[in-house]
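Accompanying notes for the structure given below.
2 protein chains.
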Amino acid sequence: MHSLKQIKQWVEQILNLFNPEGRGFDSFLDKVKEIVESNENRRLPKLPKGTRDFAKEQMAVREKAFSIIQNVFKRHGATALDTPVFELRETLMGKYGEDSKLVYDIADQGGELCSLRYDLTVPFARYVAMNGITSFKRYQIAKVYRRDNPSKGRYREFYQCDFDIAGLFEPMGPDFEIVKILTELLDELEIGDYEVKLNHRKLLDGMLEICGVPPEKFRTICSSIDKLDKQSFEQVKKEMVEEKGLSSEIADRIGNFVKEKGAPLELLSKLRQEGSEFLDNQSSREALDELSIMFEALERSKCSHRIVFDLSLARGLDYYTGVIFEAVCIGAEVGSIGAGGRYDNLIGMFGTKQVPAVGMSLGIERVFNIMEELNEKQKQVIRPTETQVLVSIMVDNKLAEAAGLVSQLWDAKINAEYLVSKRKEKHFNRAKESGIPWMVMVGEKELSGGFVTLKKLEKGSEEKEDQTCSRDSFVGELLKLLSC
Amino acid sequence: MHSLKQIKQWVEQILNLFNPEGRGFDSFLDKVKEIVESNENRRLPKLPKGTRDFAKEQMAVREKAFSIIQNVFKRHGATALDTPVFELRETLMGKYGEDSKLVYDIADQGGELCSLRYDLTVPFARYVAMNGITSFKRYQIAKVYRRDNPSKGRYREFYQCDFDIAGLFEPMGPDFEIVKILTELLDELEIGDYEVKLNHRKLLDGMLEICGVPPEKFRTICSSIDKLDKQSFEQVKKEMVEEKGLSSEIADRIGNFVKEKGAPLELLSKLRQEGSEFLDNQSSREALDELSIMFEALERSKCSHRIVFDLSLARGLDYYTGVIFEAVCIGAEVGSIGAGGRYDNLIGMFGTKQVPAVGMSLGIERVFNIMEELNEKQKQVIRPTETQVLVSIMVDNKLAEAAGLVSQLWDAKINAEYLVSKRKEKHFNRAKESGIPWMVMVGEKELSGGFVTLKKLEKGSEEKEDQTCSRDSFVGELLKLLSC
Numbered sequence: 006m007h008s009l010k011q012i013k014q015w016v017e018q019i020l021n022l023f024n025p026e027g028r029g030f031d032s033f034l035d036k037v038k039e040i041v042e043s044n045e046n047r048r049l050p051k052l053p054k055g056t057r058d059f060a061k062e063q064m065a066v067r068e069k070a071f072s073i074i075q076n077v078f079k080r081h082g083a084t085a086l087d088t089p090v091f092e093l094r095e096t097l098m099g100k101y102g103e104d105s106k107l108v109y110d111i112a113d114q115g116g117e118l119c120s121l122r123y124d125l126t127v128p129f130a131r132y133v134a135m136n137g138i139t140s141f142k143r144y145q146i147a148k149v150y151r152r153d154n155p156s157k158g159r160y161r162e163f164y165q166c167d168f169d170i171a172g173l174f175e176p177m178g179p180d181f182e183i184v185k186i187l188t189e190l191l192d193e194l195e196i197g198d199y200e201v202k203l204n205h206r207k208l209l210d211g212m213l214e215i216c217g218v219p220p221e222k223f224r225t226i227c228s229s230i231d232k233l234d235k236q237s238f239e240q241v242k243k244e245m246v247e248e249k250g251l252s253s254e255i256a257d258r259i260g261n262f263v264k265e266k267g268a269p270l271e272l273l274s275k276l277r278q279e280g281s282e283f284l285d286n287q288s289s290r291e292a293l294d295e296l297s298i299m300f301e302a303l304e305r306s307k308c309s310h311r312i313v314f315d316l317s318l319a320r321g322l323d324y325y326t327g328v329i330f331e332a333v334c335i336g337a338e339v340g341s342i343g344a345g346g347r348y349d350n351l352i353g354m355f356g357t358k359q360v361p362a363v364g365m366s367l368g369i370e371r372v373f374n375i376m377e378e379l380n381e382k383q384k385q386v387i388r389p390t391e392t393q394v395l396v397s398i399m400v401d402n403k404l405a406e407a408a409g410l411v412s413q414l415w416d417a418k419i420n421a422e423y424l425v426s427k428r429k430e431k432h433f434n435r436a437k438e439s440g441i442p443w444m445v446m447v448g449e450k451e452l453s454g455g456f457v458t459l460k461k462l463e464k465g466s467e468e469k470e471d472q473t474c475s476r477d478s479f480v481g482e483l484l485k486l487l488s489c
Numbered sequence: 006m007h008s009l010k011q012i013k014q015w016v017e018q019i020l021n022l023f024n025p026e027g028r029g030f031d032s033f034l035d036k037v038k039e040i041v042e043s044n045e046n047r048r049l050p051k052l053p054k055g056t057r058d059f060a061k062e063q064m065a066v067r068e069k070a071f072s073i074i075q076n077v078f079k080r081h082g083a084t085a086l087d088t089p090v091f092e093l094r095e096t097l098m099g100k101y102g103e104d105s106k107l108v109y110d111i112a113d114q115g116g117e118l119c120s121l122r123y124d125l126t127v128p129f130a131r132y133v134a135m136n137g138i139t140s141f142k143r144y145q146i147a148k149v150y151r152r153d154n155p156s157k158g159r160y161r162e163f164y165q166c167d168f169d170i171a172g173l174f175e176p177m178g179p180d181f182e183i184v185k186i187l188t189e190l191l192d193e194l195e196i197g198d199y200e201v202k203l204n205h206r207k208l209l210d211g212m213l214e215i216c217g218v219p220p221e222k223f224r225t226i227c228s229s230i231d232k233l234d235k236q237s238f239e240q241v242k243k244e245m246v247e248e249k250g251l252s253s254e255i256a257d258r259i260g261n262f263v264k265e266k267g268a269p270l271e272l273l274s275k276l277r278q279e280g281s282e283f284l285d286n287q288s289s290r291e292a293l294d295e296l297s298i299m300f301e302a303l304e305r306s307k308c309s310h311r312i313v314f315d316l317s318l319a320r321g322l323d324y325y326t327g328v329i330f331e332a333v334c335i336g337a338e339v340g341s342i343g344a345g346g347r348y349d350n351l352i353g354m355f356g357t358k359q360v361p362a363v364g365m366s367l368g369i370e371r372v373f374n375i376m377e378e379l380n381e382k383q384k385q386v387i388r389p390t391e392t393q394v395l396v397s398i399m400v401d402n403k404l405a406e407a408a409g410l411v412s413q414l415w416d417a418k419i420n421a422e423y424l425v426s427k428r429k430e431k432h433f434n435r436a437k438e439s440g441i442p443w444m445v446m447v448g449e450k451e452l453s454g455g456f457v458t459l460k461k462l463e464k465g466s467e468e469k470e471d472q473t474c475s476r477d478s479f480v481g482e483l484l485k486l487l488s489c
């Protein structure tokens, strides 16, 4: 052990070596204190990885999007469903295949084992099964949780906007309506040009059967096909042959089929031409008959031009049983912005009777990004608040004065804030920063005279003069001015 | 061990004893099968204890309440904040005292330790500290999580509606506004008569000092006082004397003070009368000065009649430093329906600089219960959907026909559903069940004639005749009819 004195001497020697001005040990202590203090200050609270806060302008963009989405959902006669953020672990088990490892578990603190929801589809299916429901059109806008890798830019908490129709209806009616809703959403959110790729699981199954793929390999070959939007056919073929044991000949036959894409009714009629192999296969024949009904409905509803019938669309999730679809932005690198399909066996997995269902999920985080980028490009200023009037008391210590005036505005349901300060510029800065269009000004003159002065801050086509009002009439006057 | 044959004989004998019709062993097996199957069906999925789903009518009530609340919050210039449902565990630690045991932890699956939020105040404080914010008016409507006892009727997941103002403003300005907001919320939610009890932590501290309570016992005696709304003074006195070691004399002095309650300005002037012990105590003198400014403002804003200045209000949470308040329904057994107060030291607990703050939280679950009860009493029928038009195709297999017509309505932003069925009563039942006011009917006649028939279903003062329209004009006609 060394004495403090000895250490002090060594530190002084070292410091003198590196610091020719040599202010010695006290200066060193000051520096240490400085570093410690700045670290103290830097010990800020943090967010969990992969999560975010949203405030002010960002929140305004989100609220606008949610309101558009909710209006579209309600327009189709759906009601909202709100489910708990966590479910019994057994409810989620066996639903997500390999992705189950991404499910967040709640700690076992005694009692039931629970997990955070991974999507909104399984809670919906659980709700329908639990309540013995046979028909339900519901929407849900809520956050879901996935222990994904934040370093890849993936979030661990993010919103999904889901619309599902469960129950027996007019054949292909719900399937048509779900795709129509997706186009309405993307149209009204104004996020640019897009297309909806569409295919049918039974058509894929038929296609694989025709190509000679053994049935037990249908699902795994589907996941290979699903990669065709990111990989070349040569890469996918390699996977099918080397990893999944198909013959090169079978893989090439698949390659020929999945090239097919085009306008719905056009490609459909090509696939149904005399001599088409699809007509000899029961599964694909059924699929083509269903698609025929659906495409006719989409054509009549005037959204057919948004749809691309694409035999290479396969979708990852195992539980789809019929129509599948995926919306992508044209010319943007954001990938899928919404997807869904028919899943007739999921609700029955809860041990109750089968209820057929079809649904879609909007990839709202990508939509937000696009909306924020567009706002930036168009240099749109987004007001985070909707305050219409600032009550400006330009005399100090007059809270009661402010309270009396601003409460009259609040009671008249006018969005208003107040400020008490004799520094005039504070008032104008505040109004300008928040984009507040009107001021109710009260200075010494107004105070003694018992009136207020109304000032318009936004530059209109005609410059407005300030206008004085009695304390009894200014609310009525402002209501008139605000409704102009 | 007995042979199967022997068991079969015994069972037959027993069955014959209880079942004189005696259909023997096969009938027994059938019964067993029936029981097993019905149990199979009863193995329904479940919700975690203490959680609920909300759908349809209940959801409509909630949405209405949220919309009222959000409008009030926005009227006061607040912006929404959205924070993750879980926080780093260290963020929540040391904030909730004894209640920390109610915090839900996320399982340790590698990575950071996280917990579900327990309230919205700590995430707000974390956000303000983390972003170095000095001034922020925010609201948040979101679910919080507590491992409370569901057998006591407590929920483990429930909504809170919080409004907080952080930053330095006009003295007592934010305190006044927060209480005003609480009265606006309760007025506009129309949940019956209520009062807001109000007190000041520094006044309580001064009072305890005057009574001779040692400072280290202030907080624990406060929690005893806080029980006075549920227990008699004798019970509370017993706790203060026997459990917390006060002398009987000191407890009685406290008893005299906490009896005081009344109209704000009235009781205030009594407590400030010459000779009042409160004037000699620094802490209570400061509190009375602050309350004076606040009560004047509340008086001028015309909500003073809702406030009861009550020296027995103490509030459980440790972090309050100034004004505290709690709203209760008059004549109802629901307890607190909203509460809050000033907490000037919480944000600084994150190692950054202090930012003073005051806020409130609305106990929205109780509000929902009251609203639902009122709806029931008034026999109000709540429509879960807002569908205005049902497109009724009364010919089978005509999805495309329906799609063409209903899409025109959707594109005109009319809330519409469709039904394809030749069974007339199905259409009318559907419209009646959902309370849909208009039908666009298409039967064989309309189909061949190329027109539609509009039918009004709600009985108005004048009975309306059905009216026919061309396929090009029915949307315009409906828009006119709906705006009447």
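Protein chains in written order, with our numbering: chain W, 6 to 489; chain G, 6 to 489. Virtual Cβ for every residue (Gly too), placed ideally from N, Cα, C. None of these values were measured; they are calculated from a predicted model.
DSSP, reduced to helix, strand and coil, places ASP87(W) within a strand of the structure shown. Burial state of ASP210(G) is buried, judged by a 10 Å Cβ sphere holding 16 or more other Cβ atoms. Under the DSSP assignment, HIS432(G) falls outside any beta strand (DSSP E), being part of the alpha helix (DSSP H) whose first and last residues are 429-439. Contact check for LEU293(W) and ARG277(W): beta-carbon distance about 6 Å, within the 8 Å limit, so the pair qualifies. Its Cα nearest to that of THR126(W), the residue ASP167(W) stands out among ASP167(W), ASP104(W), LYS142(W).
The Cβ atoms of ALA362(G) and ARG347(G) lie closer than 9 Å to each other.
Judged by DSSP in its simplified three-state form, GLN145(W) adopts strand.
Three or more beta-carbon pairs separated by less than 8 Å are not found between the segment 94-104 of chain W and the segment 430-442 of chain G, which leaves the two stretches without contact. Short of 6 Å from the beta carbon of VAL246(G), and not among the five residues preceding or following it, lie these beta carbons of its own chain, in chain order: SER253, ALA256. When DSSP states are grouped into helix, strand and coil, GLN278(W) belongs to the coil group. Within chain W, the residues whose beta carbon sits less than 7 Å from that of TYR132(G) are ASP58, listed in sequence order.
When beta bridges are read from the DSSP output, LYS249(G) appears opposite no residue. Here PHE283(G) is actually not in contact with LEU203(G); their C-beta atoms are around 16 Å apart, not less than 8 Å. Residue burial is scored here from C-beta neighbours: VAL386(G) has fewer than 16 other C-beta atoms within 10 angstroms and is therefore classed as exposed.
Here HIS310(G) is exposed, its C-beta having fewer than 16 other C-beta atoms within 10 Å. The beta-carbon of SER412(G) is placed less than 9 Å from the nearest beta-carbon of chain W.
Measuring C-alpha to C-alpha distances from MET365(W) to each of LEU296(W), GLU430(W), TYR199(W), GLN165(W) identifies GLN165(W) as the nearest. In terms of beta-carbon proximity, CYS308(W) lines the interface with chain G, with at least one pair separated by less than 9 Å.
Per the coordinates, the alpha-carbon of LEU379(W) lies some 11 Å from the alpha-carbon of LEU194(W). In chain order, GLU295, ILE298 place their CB closer than 8 Å to the CB of PRO176(W), counting only its own chain and leaving out the 5 sequence neighbours on each side. The beta carbon of ILE111(G) is closer than 6 Å to those of PHE91, CYS119 in its chain, skipping five residues each way along the sequence. What PRO89(G) touches in chain W, judged by beta-carbon distance under 8 Å, is LEU52, PRO53, THR56, ARG57, ASP58, GLU162, going in chain order. The closest CA to that of ILE146(W), considering only ILE215(W), ASN154(W), ASN76(W), is found on ASN76(W). Secondary structure within the segment 326-391 of chain W: the beta strand (DSSP E) runs of 3 or more consecutive residues, fully enclosed, are 328-334, 341-347, 362-367 (chain order). Per DSSP, the continuous beta strand (DSSP E) segment holding VAL447(G) begins and ends at 443-447. In the three-state reduction of the DSSP assignment, SER288(G) falls in the helix class.
Secondary structure of PHE283(W) (DSSP, three-state): helix. For THR188(G), the uninterrupted alpha helix (DSSP H) run begins and ends at 178-193, by DSSP. By the Cβ test, the segment 399-414 of chain G is in contact with the segment 424-437 of chain G, since at least three Cβ pairs between them sit closer than 8 Å.
Rounded to the nearest angstrom, the Cβ distance from LEU316(G) to LYS266(G) is 6 Å, consistent with a contact under 8 Å. One Cα belongs to GLU451(G), the other to ILE398(G), and the distance between them is close to 10 Å. In the DSSP annotation of this structure, the continuous segment of the alpha helix (DSSP H) that includes ASP210(W) starts and ends at 206-216.
At the C-beta level, LEU173(W) and GLY345(W) stay beyond 9 Å of one another. From the beta-carbon of ARG305(W), the residues of chain G found nearer than 8 Å are ALA405, GLU406, ALA408, GLY409, SER412.
Under the 8 Å Cβ criterion, the segment 78-87 of chain G counts as touching the segment 136-150 of chain G, having at least three qualifying pairs. Beta-bridge partners of SER72(W) (DSSP): none assigned.
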